[in-house]
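Visitor: Can you keep this structure in mind? I'll have questions shortly.
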Amino acid sequence: MDFNTILKEIQDEIQKYFTKGKLPNYIPMLAQADENDFAMSLVTLDGEEYHTGCSNKKFSIQSISKVFTFTLALEHYSKELYKRVGHEPSGNPFNSLVQLEYESGIPRNPFINAGAIVTTDCLSSIYENNVFSKILDFIKKVSNDQDITFDEDIFISELGHGFKNFALINMMKSYHNIKNPIDDVIQTYFKQCSIMMNTKQLAHAMLFLANHGKDPFSKEPIISESKAKRINSLMLTCGHYDASGDFAYKVGLPGKSGVGGGIVAVVPKKMAICVYSPKLNFHGNSLIGTKALELFTTKTGLSIF
Ligand code: GLU
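Those letters in the sequence shown? Residues 2 to 306, per this note's numbering, in order.
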């Protein structure tokens, strides 16, 4: 398949959508993104790479980090993890408090904010003061790239404005579903959201999920085949908050979005994809990113259905 031509066609066809969507402003630093940016990267399991747009430009991975922390937490806790976070779609916005209260502080899944805060708390119990550097090390390992760090300004911006996240963690603490000090856990969560990566690095970082849990190049197992299957299933059903059904319907691939404008997607046994465009749709997912992935699966037939 001629992926260079397909990426070029996608880049042409998405131009008309640049007038749509909005930059997020509840984290002030994110509102400073360049709304005309677009990048898309494909990396195959045999090492071929195809890129278009500003694929070297780093952006904050935000909720894409939830895939990495969930992978690490699942590796350590296995099924025990599900006592503290579920695996059902929420049908609610990413930072909703309502459902969390009537479900007694157990978040529906690890890909909404409350669920990711719990997985970060679980990792804090294991790694204690080293938790952020362990998360970062894991991301560097799966990306095969040591040049990854977080953005202090974005971290501070979230810390100063993440009122709903403070509400979520406090509510969960009241239900005894947070074991470590609130300030430590929330800071680790905000730091992981502020990690900066480009579409090339993120596509690389997702390859193990396209390859039954193994690094396709070193052949090193990152996670078991069965756990990789479950992570992909959760990305398919919960990766886009209350628009997860819509994403699965239109794109037909497991994927995870972040309010920084990135979306990663996995074509099982073939490749990983990352797309970036910072203006978001109503549900907090990259508007053009979603459109680009829909065009990709329509043009190539590479969806799981
Ligand atoms: N840091 C963001 C928040 O907690 C993550 C949300 C997202 O990327 O969807 O609000």
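We treat Cβ as the ideally placed atom computed from N, Cα and C, and that holds for glycine. Since the model is a prediction, treat every value here as computed from it, not as a measurement.
Could you check how far apart the C-beta atoms of residue 60 and residue 34 are, in whole angstroms? I think they sit under 8 Å.
Guide: Right, the Cβ-Cβ distance comes to about 7 Å (below 8 Å), so this counts as a contact.
Visitor: Hey, would you say residue 259 sits closer than 9 Å to residue 278, going by beta carbons?
Guide: Against a cut-off of 9 Å, the Cβ pair of residue 278 and residue 259 comes out as no contact.
Visitor: Is it buried or exposed, residue 103, if we count other Cβ atoms within 10 angstroms and call 16 or more buried?
Guide: Label assigned to residue 103: exposed.
Visitor: What distance in whole Å lies between the Cβ atoms of residue 240 and residue 257, which are believed to be in contact at a cut-off of 8 Å?
Guide: Going by Cβ atoms, the distance from residue 257 to residue 240 rounds to 4 Å, so yes, they are a contact pair.
Visitor: Taking 9 Å as the threshold (C-beta atoms), are residue 207 and residue 252 in contact?
Guide: No; because the gap between Cβ atoms is not below 9 Å, this pair is not in contact.
Visitor: Could you check if residue 194 belongs to the surroundings of ligand 1, using beta carbon to heavy atom distance under 8 Å?
Guide: Answer for residue 194: yes, Cβ within range of ligand 1.
Visitor: Assuming residue 242 is part of the beta strand (DSSP E), what are its boundary residues?
Guide: Segment: none, residue 242 is in no beta strand (DSSP E) and carries neither H nor E.
Visitor: Less than 9 Å separating the beta-carbons of residue 110 and residue 91?
Guide: Cβ distance < 9 Å, so residue 110 and residue 91 count as in contact.
Visitor: Grab the span of the alpha helix (DSSP H) containing residue 53 for me, first residue to last.
Guide: Segment 50-54 is the beta strand (DSSP E) holding residue 53; no alpha helix (DSSP H) there.
Visitor: Measure the CB-CB distance between residue 48 and residue 288 and report whether it falls below 9 Å.
Guide: It is not a contact, given that the beta carbons lie outside the stated cut-off.
Visitor: Is residue 235 closer than 9 Å to residue 249 when the C-beta atoms are compared?
Guide: No, they are not a contact pair.
Visitor: Going straight from the alpha carbon of residue 272 to that of residue 290, what length do you get?
Guide: Cα to Cα, the separation comes out at about 17 Å.
Visitor: List, from N- to C-terminal side, the beta strand (DSSP E) runs of 3 residues or more that fit wholly inside the region 91-120.
Guide: With a minimum length of 3 residues, no continuous beta strand (DSSP E) run stays inside the region 91-120.
Visitor: In the DSSP assignment, find the unbroken beta strand (DSSP E) run with residue 267 in it and report its ends.
Guide: That run of the beta strand (DSSP E) goes 263-268.
Visitor: Looking only at its chain, what residues have a beta carbon closer than 8 Å to the beta carbon of residue 162, apart from the 5 residues adjacent to it on each side?
Guide: 27, 28 and 29, listed in sequence order.
Visitor: Does ligand 1 have even one heavy atom less than 8 Å from the beta-carbon of residue 276?
Guide: No, since every heavy atom of ligand 1 falls outside the 8 Å radius drawn around the Cβ of residue 276.
Visitor: For residue 204 and residue 275, which I take to be in contact (beta-carbon distance under 8 Å), what is that distance rounded to the nearest angstrom?
Guide: Contact flag correct, Cβ pair sits at about 4 Å.
Visitor: Give, in chain order, every unbroken run of the alpha helix (DSSP H) that is at least 4 residues long and sits entirely within the region 190-241.
Guide: As far as the region 190-241 is concerned, its whole alpha helix (DSSP H) runs of at least 4 residues are 200-206, 208-211 and 226-239.
Visitor: Is it true that the CB of residue 293 sits closer than 9 Å to the CB of residue 39?
Guide: For residue 39 and residue 293, yes; Cβs fall inside 9 Å.
Visitor: Should residue 84 and residue 116 be called a contact, given that it needs their Cβ atoms to be closer than 9 Å?
Guide: Not in contact: residue 84 and residue 116 (Cβ atoms no closer than 9 Å).
Visitor: Mapping DSSP to helix, strand and coil, what is residue 11?
Guide: Residue state, collapsed to three classes: helix.
Visitor: Can you find the residues in the same chain that come closer than 8 Å, C-beta to C-beta, to residue 281, ignoring five residues on each side of it along the sequence?
Guide: Excluding positions up to five away in sequence, the list reads 22, 23, 24, 25, 260, 262, 287 and 288.
Visitor: Whose C-alpha, out of 153, 138 and 165, is nearest the C-alpha of residue 146?
Guide: Answer by Cα proximity: 138.
Visitor: Cβ of residue 49 versus every heavy atom of ligand 1: is any distance shorter than 8 Å?
Guide: Flag unset: Cβ of residue 49 not near ligand 1.
Visitor: Taking the straight line between their C-alpha atoms, what separation do you get for residue 172 and residue 184?
Guide: Distance between the alpha carbons of residue 172 and residue 184: 14 Å.
Visitor: Using a Cβ-Cβ distance cut-off of 9 Å, determine whether residue 296 contacts chain B.
Guide: Going by chain labels, chain B is absent from the structure shown, which holds only one protein chain.
Visitor: Which one of 247, 37 and 46 has the shortest CA to CA distance from residue 215?
Guide: Residue 46 is the option with its Cα nearest to residue 215.
Visitor: Can you check which of these residues, 247, 119 and 156, is closest to residue 82 by C-alpha distance?
Guide: It is 119.
Visitor: In chain order, what residues of the same chain lie with their CB nearer than 8 Å to the CB of residue 15, ignoring the 5 residues before and after it?
Guide: Answer for residue 15: 39, 278, 289, 292, 293 and 296, listed in chain order.
Visitor: Please indicate yes or no: does the CB of residue 147 lie closer than 8 Å to some heavy atom of ligand 1?
Guide: Every heavy atom of ligand 1 is 8 Å or more from the Cβ of residue 147, so no.
Visitor: Is it buried or exposed, residue 159, if we count other Cβ atoms within 10 angstroms and call 16 or more buried?
Guide: So residue 159 ends up on the buried side.
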